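*Asks:* Residue 453 is where the sequence shown starts when you use this note's numbering, and the numbers rise one by one after that.
Every residue, glycine too, gets a C-beta built ideally from N, C-alpha and C.
A quick note: this is a predicted structure, and the numbers were derived from the prediction, not measured.
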Amino acid sequence: MSKLTSKAANLTEEIEVFRIIPQKQRRTVGPFCFLDHFGPTPERQQITFDVAPHPHIGLQTLSWLWQGEILHLDSLGTEQWLFPNQVNLMTAGSGISHAEVIPQDHTQHMHLHGAQIWLALPPDKASIDPAFEHISQLPELAFGSFKGHLILGTLGPQQVQATIYSELVAFDLLSTSSGTAQVPLEDTFEYLVYVVESSPLGISINGSRCRAHEAFYIEPGTSPQLHLAGQGRILVLGGTPYPAPLRMFWNFVANDNGALHRAATAWNADDAQFGEVKQYAKYGKGPERLLSPEPPASFLSRG
């Protein structure tokens, strides 16, 4: 079991983001290749959240909230509000573009707190057709004093009814007072146990302390159970190790650098591959689309 520390940055003046993967120590956990924890935002009159249209390939995005509400817009024509304890699951596959906004008439006195998660599609599914699903009802979990929701995948007899392409699990647990829990783990899964919030003492995870914005990585086959003690909230991601080399550039995920170069070039050329988020002008105030950084020329030769 090894400890990871998140890197903090500001998305806006009000919204702080903590990135736990990817980082040098750990690029992926199962199919999960990206986890940004944002918020909670401070008490104030109004917050700004306006992520203009941008593209993805080769992944699924999972959006999750503990507080607040966000409007998802995409090139399939989707307009879907996300509220706490619900899931927005977008499959990029061969190419999609989307935006996420909180229209100004919804931002008064709002606390925003959530996570943005990416799942790399298996190599044989990387170019499937794009799709979107909203899951409004999720299984509830209770282990000792810790309670929460199964967010994606399967945990024991519980399963989220959503389209996924890898063996995986994602769940959150909260203990509002100091307590304990034991959670069964899959022997073939690797896990990331991320502490969303905790008391100053942190949460004991399999006997080792972990504080807010830190995580433990657990290798496959090393622990049949997750032993928790303390007060706070955790987010757990797990799955079978990703089966191939994985490359990431900006908002693109692929198994070779050439695919990343082609995607970035196509998006900047306004290629029809990614469609158009036509509804964004109705709700957002940013640019029509965010342009990709120029991909390195070496991507074309290295593969």
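#1: How about the region 684 to 695 and the region 639 to 650: do they share at least three Cβ pairs that are nearer than 8 Å?
#2: Pull up the CB-CB distance for residue 466 and residue 492, whole angstroms please, since I reckon it's below 8 Å.
#3: Go through its chain and collect everything with a Cβ distance to residue 660's Cβ below 8 Å, but skip five positions before and after it.
#4: Rounded to whole angstroms, how far is the Cβ of residue 757 from the Cβ of residue 551, which I believe are closer than 8 Å?
#5: Is it buried or exposed for residue 581, if we count other Cβ within 10 angstroms and need 16 for buried?
#6: When DSSP labels each residue in this structure, what does residue 713 get in the three-state scheme?
#7: Pick helix, strand or coil for residue 488, following the three-state DSSP scheme.
#8: Of the choices 500, 710, 635 and 542, whose alpha-carbon is the least far from that of residue 676?
#9: Compute the Euclidean distance between the alpha carbons of residue 616 and residue 746, then round it to the nearest angstrom.
#10: Helix, strand or coil, according to DSSP, for residue 575 in the structure here?
#11: Any chance you could list the alpha helix (DSSP H) runs of at least 4 consecutive residues sitting entirely within the region 708 to 752, in chain order?
#12: Okay, do the region 586 to 596 and the region 649 to 658 touch, 3+ Cβ pairs below 8 Å being the bar?
*Replies:* According to the data block:
#1: With the rule of 3 Cβ pairs closer than 8 Å, the region 684 to 695 counts as touching the region 639 to 650.
#2: The residue you call residue 466 lines up with position 14 of the sequence shown. The residue you call residue 492 lines up with position 40 of the sequence shown. Between the beta-carbon of residue 466 and that of residue 492 there is about 10 Å, and that puts the pair past the 8 Å contact cut.
#3: Taking the sequence shown and counting its residues from 1, the one referred to as residue 660 is at position 208. So the list reads 453, 455 and 668, once near-sequence residues are dropped.
#4: The requested residue 757 is not part of the displayed model; the chain covers only 453 to 755.
#5: Looking up residue 581 in the sequence shown gives position 129. Here residue 581 is exposed. Its C-beta has fewer than 16 other C-beta atoms within 10 Å.
#6: Start at 1 with the first residue of the sequence shown, and residue 713 comes out as number 261. In the structure shown, residue 713 sits in a helix (DSSP, three-state: H, G or I).
#7: As a working note, residue 488 is residue 36 in the sequence shown. Of the three classes helix, strand and coil, the one that applies to residue 488 here is strand, per DSSP.
#8: On the sequence shown, residue 676 is found 224 positions in, with the first residue counted as 1. If we check each option's Cα against that of residue 676, 635 comes out closest.
#9: Mapped onto the sequence shown, residue 616 falls at position 164. Mapped onto the sequence shown, residue 746 falls at position 294. Residue 616 and residue 746: Cα-Cα distance of roughly 31 Å.
#10: Taking the first residue of the sequence shown as 1, we reach residue 575 at position 123. Three-state DSSP puts residue 575 in a helix.
#11: Fully enclosed alpha helix (DSSP H) runs of no fewer than 4 residues occupy 709 to 720 and 732 to 735 of the region 708 to 752, in order along the chain.
#12: Not touching, per the Cβ criterion.
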